[in-house]
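In terms of this note's numbering, the sequence shown has 71 at position 71, counting the first letter as 1, and numbering is strictly consecutive.
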Amino acid sequence: MKKLIIIMAVIMAIFIALVVVTNIQQKQNVEGNPFGKDKLHTETQKQLDDPLYQNIITPDQLKEDLDAGETKTIYFYSSTCPACKQTSPVVVPMAEEMGIDMELYNLQEFEQGWDDYGINSTPTFIHFVDGQEVERLENYHQDSSIYTEWFEKVKETPSE
């Protein structure tokens with residue numbers, strides 16, 4: 001009976017140590033992240049060092065910018081969305097090459113964005129002029145020319 005108690009105590013100690021180590025690792029992974037959050041979804045953590053996911057905007061910053069009447073191009077994505085993972089390697093470099101400052105809004109981390117901006121699916125791209133939505137492109141498109149055409153339209157949209 002003593003052996004059983006000792007074995008159970010060792011197993012519990014290992015389990016507790018594993019939980020503590022995992023929590024410490026998660027805190028280290030998310031320390032100083034651009035989302036300003038203490039906990040991030042595992043898929044978001046994987047993207048922290050990915051150059052495609054560096055131009056992040058938070059809900060507070062987006063609201064502040066739109067309230068100030070700024071012009072913005074926002075890519076609403078989810079770190080768990082397979083279509084977004086296919087889209088990002090196409091659109092992020094494309095926007096940069098076309099001189100568009102496209103900022104990324106992670107709906108996995110900031111779920112209020114679904115309602116705040118009427119997002120039906122990811123990926124969704126919205127262009128705001130003077131704080132108001134003027135152009136929108138939704139869903140994944142295999143034909144990259146659709147993104148090129150949308151970005152061209154965005155570039156031609158005058159700021160009022």
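Don't be surprised by glycine CBs; every beta carbon is placed ideally from N, CA and C. Computed from a prediction, not measured in an experiment: that's the story for all the values here.
Residue nearest to residue i in terms of C-alpha spacing, selected from the options
i: residue 42; options: 104, 63, 80; result: 80
i: residue 71; options: 138, 5, 100; result: 100
i: residue 147; options: 125, 103, 115; result: 125
i: residue 157; options: 121, 54, 115, 129; result: 129
i: residue 133; options: 12, 111, 66, 121; result: 66
Whole-number beta carbon distance between residue j and residue i, since they are thought to touch under 8 Å
i: residue 98; j: residue 15; result: The Cβ separation is near 52 Å, so there is no contact.
i: residue 92; j: residue 52; result: 5 Å
i: residue 123; j: residue 95; result: Their Cβ separation, rounded to whole angstroms, is 12 Å, which puts residue 123 and residue 95 out of contact at 8 Å.
i: residue 105; j: residue 75; result: 7 Å
i: residue 78; j: residue 107; result: 5 Å
i: residue 131; j: residue 59; result: That pair is no contact at about 15 Å.
i: residue 46; j: residue 109; result: So it is not a contact: roughly 13 Å between Cβ atoms.
i: residue 144; j: residue 90; result: 5 Å
Secondary structure of residue i, DSSP reduced to three states
i: residue 53; result: helix
i: residue 128; result: strand
i: residue 58; result: coil
i: residue 73; result: strand
i: residue 140; result: coil
i: residue 43; result: helix
i: residue 107; result: coil
i: residue 94; result: helix
i: residue 102; result: strand
Cutoff 8 Å; reference residue i; Cβ partners in own chain excluding five residues on either side
i: residue 154; result: 73, 100, 127, 135
i: residue 86; result: 140
Cβ-based neighbour list, residue i, same chain, cut-off 6 Å, excluding 5 preceding and 5 following
i: residue 35; result: 109
i: residue 57; result: 103, 105
i: residue 69; result: 130, 131
Same chain, Cβ closer than 7 Å to residue i, neighbours up to 5 away in sequence not counted
i: residue 33; result: 40, 48
i: residue 121; result: 138, 139
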